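In full-length UniProt numbering, the protein residues as written are 1 to 154. Just so you know, even glycine gets a beta-carbon here, dropped at the ideal spot from N, CA and C. This structure is a prediction, so every number in the text was calculated from the model and none was measured.
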């Protein structure tokens with residue numbers, strides 16, 4: 001929270017604000033008062049979304065990269081996640097983040113979710129937090145968006 005990320009025309013990530021969980025994709029966790037370009041070795045991205053202290057990014061090949069607050073991203077006991085590719089999903093065209101959960105929409109309309117689920121925000125029929133991507137049982141999804149503890153699926 002209290003940060004902003006921007007994607008430029010070349011697919012580079014820029015950030016400003018709090019960085020205590022590494023969510024600005026820099027080589028440190030210092031806060032920034034002006035926009036700074038990511039200093040990490042990242043591929044170009046075509047879409048980004050931000051949660052409370054993490055960022056999910058999509059490449060043109062459909063990979064989802066994550067950086068920031070580890071427990072949201074499936075890292076047990078690790079508070080920081082430097083950029084990593086989300087395992088188990090491919091051909092992703094869109095991401096949306098709530099405070100502590102992420103939805104990922106595949107080119108074929110399949111929907112995947114990861115993260116906290118105490119308010120059923122992943123749509124899995126239970127309240128169990130998911131530490132790896134789970135296929136959500138809906139078909140032909142066209143659009144997704146998320147807010148604090150809820151999701152919108154069209």
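Excluding five sequence neighbours on each side, which residues of the same chain lie with their C-beta closer than 6 Å to the C-beta of residue i?
i, result
"residue 110", "none"
"residue 142", "154"
"residue 113", "103, 122, 134, 136"
"residue 115", "72, 100, 101, 102"
"residue 53", "21, 23, 68, 69"
"residue 4", "16, 17"
Of all the options the options, which has the alpha carbon lying nearest to the alpha carbon of residue i?
i, options, result
"residue 132", "88, 21, 54, 26", "88"
"residue 32", "23, 92, 16", "16"
"residue 2", "12, 24, 13", "24"
"residue 139", "149, 106, 84, 128", "106"
"residue 8", "19, 21, 43", "43"
"residue 90", "12, 61, 66, 82", "61"
"residue 37", "14, 6, 149", "14"
"residue 47", "4, 53, 34, 93", "93"
"residue 149", "4, 98, 125", "98"
Could you tell me the alpha carbon to alpha carbon distance between residue i and residue j, rounded to whole angstroms?
i, j, result
"residue 130", "residue 68", "17 Å"
"residue 119", "residue 137", "17 Å"
"residue 58", "residue 64", "5 Å"
"residue 10", "residue 127", "39 Å"
"residue 83", "residue 66", "5 Å"
"residue 95", "residue 151", "11 Å"
"residue 6", "residue 45", "11 Å"
"residue 85", "residue 55", "12 Å"
"residue 146", "residue 34", "27 Å"
"residue 50", "residue 117", "17 Å"
DSSP state of residue i, grouped into three classes?
i, result
"residue 101", "strand"
"residue 52", "coil"
"residue 57", "strand"
"residue 16", "strand"
"residue 38", "coil"
"residue 46", "strand"
"residue 149", "coil"
"residue 69", "strand"
Going along the chain, which residues of its own chain have a beta-carbon closer than 8 Å to the beta-carbon of residue i, five neighbours each way excluded?
i, result
"residue 27", "39, 40"
"residue 29", "19, 20, 21, 22, 80"
"residue 108", "91"
So is the beta-carbon of residue i under 7 Å away from any non-hydrogen atom of the ligand MN?
i, result
"residue 48", "Annotation note on the ligand MN: not contained in the displayed structure, which lists no ligands."
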